[in-house]
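J.: Read top to bottom, the protein sequences are chains Z and S.
So that you can map any letter, position 93 of the first sequence is 473 in my numbering, and since no number is skipped, the others follow by simple counting.
So that you can map any letter, position 108 of the second sequence is 117 in my numbering, and since no number is skipped, the others follow by simple counting.
A virtual CB, placed ideally from N, CA and C, is assigned to each residue, including glycine.
From a predicted model like this one, the values you see are computed outputs, not experimental measurements.
One structure, pasted below without further comment.
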Amino acid sequence: MSTEPLWEVFVRPRRGLSHTHVGSLHAPDAKMALRHARDLYTRRQEGISIWVVPAAEITASSPDEKDAFFDPAADKIYRHPTFYELPEGVPHL
Amino acid sequence: MDFCNTGGMEEPQVHGADGLLGEVEDAEAALRAAALRDLEGTASFDAIVAADQKIEPRDVMPEDYRKGLIRQIAQHAHSEIIGMQPEGNWITRAPSLRRKAILLAKVQDEAGHGLYLYAAAETLGVAREELTDALLTGRQKYSSIFNYPTLTWADMGAIGWLVDGAAIVNQVPLCRCSYGPYARAMIRICKEESFHQRQGYQSLYVLAQGSPEQKAMAQDAVNRWWYPSLAMFGPPDAESTHSAQSMAWKVKRFSNDDLRQRFVDMCVPQAEILGLTLPDPDLRWNEERRHYDFTQPDFDELMRVVKGDGPCNRERMAHRRRAHDEGAWVRAAAAAYAAKEKVVV
């Protein structure tokens, strides 16, 4: 049995919602991957749009380096509106 | 024959089905809620499991956890794939177009469930070919229930009600499993599975309301499927080999015996509404335990069937191998076409 490439499948459930990862599948090419994804992941009208992405093309951040990788944002609490204390009674802010 | 005539028939109330579906939704909500809870720093495997959060594919995990999950998910996937056969047996002989369409949709779902699960297993670093090969060579098992024959049309109803019912009771807790891809696949599967159980129960209900012959056929199907369904929950807790570690890792959440009891308690009132009898003279309510007492299935038989000596083991495996071999040209043609397109571009 030849190895068919792995594809990650993303489905947009409704207009206005983003495509969400639902799972993966094997297919020889993109067109077949799209058809298989329709048959496998949208049997009950779960979506109005599908993306298939070759799993090998995805570059993922490493969980081991999670802390170091996301660290730059950790000490910048001034990016949040709650950082700024406002005088009592200021309306609409 | 008019047992396909279901016009105007009210669908009976299935006790427990809504409750289980509610549990699936709770599991999904819990998954989202747990995901929002903050874990201090880089959490260890044990801390993530203790906090009821999900282990994801690239997380560090004990080797036995990874191996155990591959074994369990693969066996589950194989069961879905082999599980198409007993019902596939009746597609061409369904008594009406409506029943045929329902049965086709159900068997399609089983194929889909198998594929969701294979994909979940692959996130643990095993290749699809290895899993396919493990099934075809008999190195990995599938659920013993699919080694029993489907002798009459009523078996379609009994399988939906009892076999899918037992599967749901087994699977709903897996929606809370500690491994993310498996838990998410199970949430998806359980939501789809409730249709399977309902159509079976409704089909059996129609037969039970029919002619004396139809009712007898329904009763016969229940008589044959009851104990094999009880055996689906596995050996008694005292003899269950993988349970303790699996519970500690939150892969499994309830013991085999607890789930079996839960299934029996659900089925008794459902059988009463059907007007059919569960084939157990010792089945009775125990006020003290607040559960039904019942006769255990024959666990020696279960072990024989698991080891390959059930009524249909050889037939099921031969059919799967033949289907795989006969599909080889489709895979080869698709691969050749993909390769040719690549050269052109």
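Taking beta-carbon pairs under 8 Å, can you tell me which members of the segment 383 to 398 of chain Z lie near chain S?
T.: 383, 384 and 386
J.: Is it buried or exposed for residue 115 of chain S, if we count other Cβ within 10 angstroms and need 16 for buried?
T.: buried
J.: At 7 Å on the CB atoms, spell out the chain S contacts of residue 406 of chain Z, in chain order.
T.: 137
J.: Using a Cβ cut-off of 9 Å, which residues of the segment 102 to 125 of chain S contact any Cβ in chain Z, in chain order?
T.: 114, 117, 118, 120, 121, 124 and 125
J.: Taking the C-alpha atoms as reference points, what is the distance between residue 45 of chain S and residue 346 of chain S?
T.: Cα to Cα, residue 45 of chain S sits roughly 45 Å from residue 346 of chain S.
J.: Are there 16 or more other CB atoms within 10 angstroms of the CB of residue 412 of chain Z, so buried, or fewer, so exposed?
T.: buried
J.: Give me the chain Z residues within the contact set of residue 357 of chain S, using Cβ-Cβ distance strictly less than 8 Å, ordered along the chain.
T.: For chain S, the structure presents residues 10 to 354; residue 357 of chain S sits outside this window and is missing.
J.: With residue 369 of chain S and residue 197 of chain S assumed to form a contact (beta carbons below 8 Å), what rounded beta-carbon distance in angstroms separates them?
T.: With chain S running from 10 to 354 in the structure shown, residue 369 of chain S is simply not present.
J.: Thinking C-alpha only, which one of S:156, S:277, S:221 and S:28 is nearest residue 87 of chain S?
T.: S:156
J.: Less than 6 Å between C-beta atoms, sequence neighbours within five positions excluded: which residues of the same chain meet that for residue 118 of chain S?
T.: 201
J.: Under 8 Å Cβ to Cβ from residue 289 of chain S, same chain only, skipping five residues before and after it: list those, please.
T.: 235, 303 and 304
J.: Which first and last residues belong to the beta strand (DSSP E) in which residue 302 of chain S is found?
T.: 300 to 302
J.: Secondary structure at residue 422 of chain Z, three-state DSSP: helix, strand or coil?
T.: It is coil, neither helix nor strand.
J.: Can you confirm whether residue 423 of chain Z, when its beta carbon is compared against all beta carbons of chain S, has any partner nearer than 8 Å?
T.: yes
J.: Report the residue from Z:405, Z:384, Z:383 and Z:463 whose alpha carbon sits nearest the alpha carbon of residue 122 of chain S.
T.: Z:405
J.: Against residue 420 of chain Z, what residues of chain S qualify as contacts under a CB-to-CB distance less than 8 Å, listed in chain order?
T.: 121, 124 and 125
J.: Restricting to Cα atoms, I'd like to know which of S:172, S:165, S:79 and S:100 is closest to residue 140 of chain S.
T.: Among S:172, S:165, S:79 and S:100, the Cα nearest to that of residue 140 of chain S belongs to S:79.
J.: Excluding five sequence neighbours on each side, which residues of the same chain lie with their C-beta closer than 8 Å to the C-beta of residue 286 of chain S?
T.: Within the same chain, and ignoring the five residues on either side of residue 286 of chain S in sequence, the residues whose Cβ sits closer than 8 Å to its Cβ are 228, 231 and 280.
J.: Residue 269 of chain S: which of S:28, S:297 and S:239 sits nearest, CA to CA?
T.: For the residues S:28, S:297 and S:239, the minimum Cα distance to residue 269 of chain S belongs to S:239.
J.: Roughly how many whole angstroms lie between the Cα atoms of residue 307 of chain S and residue 314 of chain S?
T.: Their backbone Cα atoms lie some 11 Å apart in a straight line.
J.: Taking 7 Å as the cut-off, is the C-beta of residue 191 of chain S nearer than that to any heavy atom in the ligand NAP?
T.: As for the ligand NAP, it is missing from this structure, which has no ligand bound.
J.: Name the DSSP beta bridge partners of residue 390 of chain Z, please?
T.: Answer is Z:401 and Z:431.
J.: Around the C-beta of residue 322 of chain S, are 16 or more other C-beta atoms found within 10 angstroms, so that it is buried, or is it exposed?
T.: buried
J.: What's the gap between the Cα of residue 319 of chain S and the Cα of residue 243 of chain S?
T.: Roughly 15 Å separates the two Cα atoms.
J.: According to DSSP, is residue 125 of chain S helix, strand or coil?
T.: When DSSP states are grouped into helix, strand and coil, residue 125 of chain S belongs to the helix group.
J.: With DSSP run on the structure shown, which of helix, strand or coil describes residue 162 of chain S?
T.: coil
J.: Flag this pair as touching only if the segment 137 to 152 of chain S and the segment 439 to 452 of chain Z have three or more C-beta atom pairs under 8 Å; answer yes or no.
T.: no
J.: Which residues bound the beta strand (DSSP E) around residue 99 of chain S?
T.: Residue 99 of chain S -> no beta strand (DSSP E), and no H or E assigned at all.
J.: Answer with buried or exposed for residue 221 of chain S, where buried requires no fewer than 16 other C-beta atoms within 10 angstroms of its C-beta.
T.: Exposed.
J.: Would residue 383 of chain Z be called buried (16 or more neighbouring beta carbons within 10 Å of its own) or exposed?
T.: exposed
J.: Which runs of the alpha helix (DSSP H) spanning at least 4 residues fall entirely within the segment 169 to 206 of chain S, listed in chain order?
T.: 173 to 180
J.: Can you find a CB in chain Z that lies within less than 8 Å of the CB of residue 72 of chain S?
T.: no
J.: Measuring CB to CB, does residue 29 of chain S end up less than 8 Å from residue 181 of chain S?
T.: A distance below 8 Å separates the beta carbons of residue 29 of chain S and residue 181 of chain S.
J.: Which term fits residue 170 of chain S, buried or exposed, when burial requires 16 or more other beta carbons within 10 angstroms of its beta carbon?
T.: buried
J.: Counting only beta-carbon separations shorter than 8 Å, does residue 469 of chain Z have a partner in chain S?
T.: no
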